[in-house]
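Trainee: First residue of the sequence shown: 121, per this note's numbering; consecutive thereafter.
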Amino acid sequence: MNIKLEGKRALVTGGNSGIGAAIALGLADAGAKVAINYVAHSEAADGLVQTIKQKHGEAISIQADVSDPSAVEDLFRQIDVAWSGIDILINNAGIDGDRALGWEADIVVWRKVIEINLFGAFYCAREALKRMVSQKSGVVLSTSSVHEEIAWSGYSAYAASKAAVSMLTKTLAQEAAPYGVRVLAVGPGAIKTSINRSVWSDPKSLQDLLGKIPLHRIGEPEEIAQMVVVLVSDVASYVTGRTVFVDGGMTDYPSFAHGG
Ligand code: BGC
């Protein structure tokens with residue numbers, strides 16, 4: 121089995137940190153040209169570009185807020201200028217918002233989560249699919265979450281956005297399949313990044329979290345990146361319209377390991 125992405129043109133939104141950064145490096149290691157999108161912290165994006173270039177890969181960094189449709193159009197135009205199109209879109213930019221029960225949630229924050237996680241994924245998928253459908257090849261992969269399936273108290277916007285990304289994925293996959301374009305998602309569980317630092321850096325919260333993971337450890341961003349590289353490659357040529365969970369078994373309902 122040979123995973124080759126040589127010559128493929130990829131965009132990773134939110135590619136300058138956490139899971140996105142690991143995916144950007146993973147794709148570059150497999151031979152893809154990678155556009156690293158970021159909204160803030162250009163130094164992190166530029167650092168990754170340098171890392172990829174040192175390994176003789178090709179990368180560029182592009183600033184854009186994915187929740188702004190005209191910024192997204194411009195982002196894709198810049199990739200067209202650099203590489204004349206796109207083969208792989210990784211819809212990864214996302215936020216989890218502020219922890220708040222639904223009836224106490226701030227509407228502005230709630231809306232922002234949906235605008236980035238769902239609208240942002242849609243705006244980017246829309247631009248990518250226009251190009252992929254006409255070239256009759258390409259893959260759109262979104263970073264979803266175990267919370268497209270598992271309810272999460274305090275994070276109604278985040279969980280709703282990920283459930284929506286799941287159905288967006290299935291529907292766009294149906295639409296794009298006749299053109300040989302695959303649309304799918306990866307569903308990470310608890311992965312060690314800054315988004316959940318407050319949990320894994322606190323011993324009591326960490327113990328609680330580990331109890332929710334059958335493999336009893338937090339995942340590393342590279343463990344998501346490895347699966348993403350497989351899924352966007354021809355090794356996964358028959359996979360579309362699904363979220364593949366990479367979660368140490370979190371969606372296996374470990375509380376049912378006893379009782380019931
Ligand atoms: C969230 C993390 C959380 C994990 C498991 C992810 O989608 O971003 O903060 O630890 O789900 O609950």
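Heads up, the beta-carbon is just placed ideally off N, CA and C, and yes, glycines get one too.
Tell whether a beta-carbon distance below 8 Å holds between residue 216 and residue 278.
Mentor: Contact flag set, yes.
Trainee: Taking the alpha helix (DSSP H) that residue 329 falls in, what are its first and last residues?
Mentor: Residues 323-330.
Trainee: Looking at the unbroken alpha helix (DSSP H) that takes in residue 278, where does it start and where does it end?
Mentor: Residues 276-296.
Trainee: In angstroms, rounded to a whole number, what distance separates the CA positions of residue 348 and residue 218?
Mentor: Their Cα atoms are separated by approximately 28 Å.
Trainee: With a Cβ-Cβ cutoff of 8 Å, do residue 211 and residue 133 count as a contact?
Mentor: Closer than 8 Å, so yes.
Trainee: Between 295, 253, 360, which has its C-alpha nearest residue 306's C-alpha?
Mentor: It is 360 whose Cα lies nearest to the Cα of residue 306.
Trainee: Report, in whole angstroms, the separation of the C-beta atoms of residue 124 and residue 150, which I expect to be a contact under 8 Å.
Mentor: Confirmed, about 7 Å.
Trainee: Got a sec, what are the start and stop residues for the alpha helix (DSSP H) residue 243 sits in?
Mentor: Counting along the chain, the alpha helix (DSSP H) containing residue 243 begins and ends at 240-255.
Trainee: Under 6 Å Cβ to Cβ from residue 333, same chain only, skipping five residues before and after it: list those, please.
Mentor: Counting only Cβ-Cβ distances below 6 Å, and skipping sequence neighbours, we find 368, 370.
Trainee: Is the stretch 180-196 close to the stretch 159-166, with three or more CB pairs under 8 Å?
Mentor: A contact exists between the stretch 180-196 and the stretch 159-166.
Trainee: So which of 351, 309, 204, 298 has the shortest CA-CA distance to residue 260?
Mentor: Closest by alpha carbon: 351.
Trainee: Would you check if the distance between the CB atom of residue 330 and the CB atom of residue 319 is smaller than 8 Å?
Mentor: Their beta carbons are not under 8 Å apart, which means residue 330 does not touch residue 319 by this criterion.
Trainee: I need the DSSP call for residue 175, collapsed to helix, strand or coil.
Mentor: Residue state, collapsed to three classes: coil.
Trainee: Kindly confirm or deny that the stretch 301-317 and the stretch 277-291 touch, where touching means at least three C-beta pairs closer than 8 Å.
Mentor: Judged by Cβ distances under 8 Å, the stretch 301-317 makes contact with the stretch 277-291, as three or more pairs qualify.
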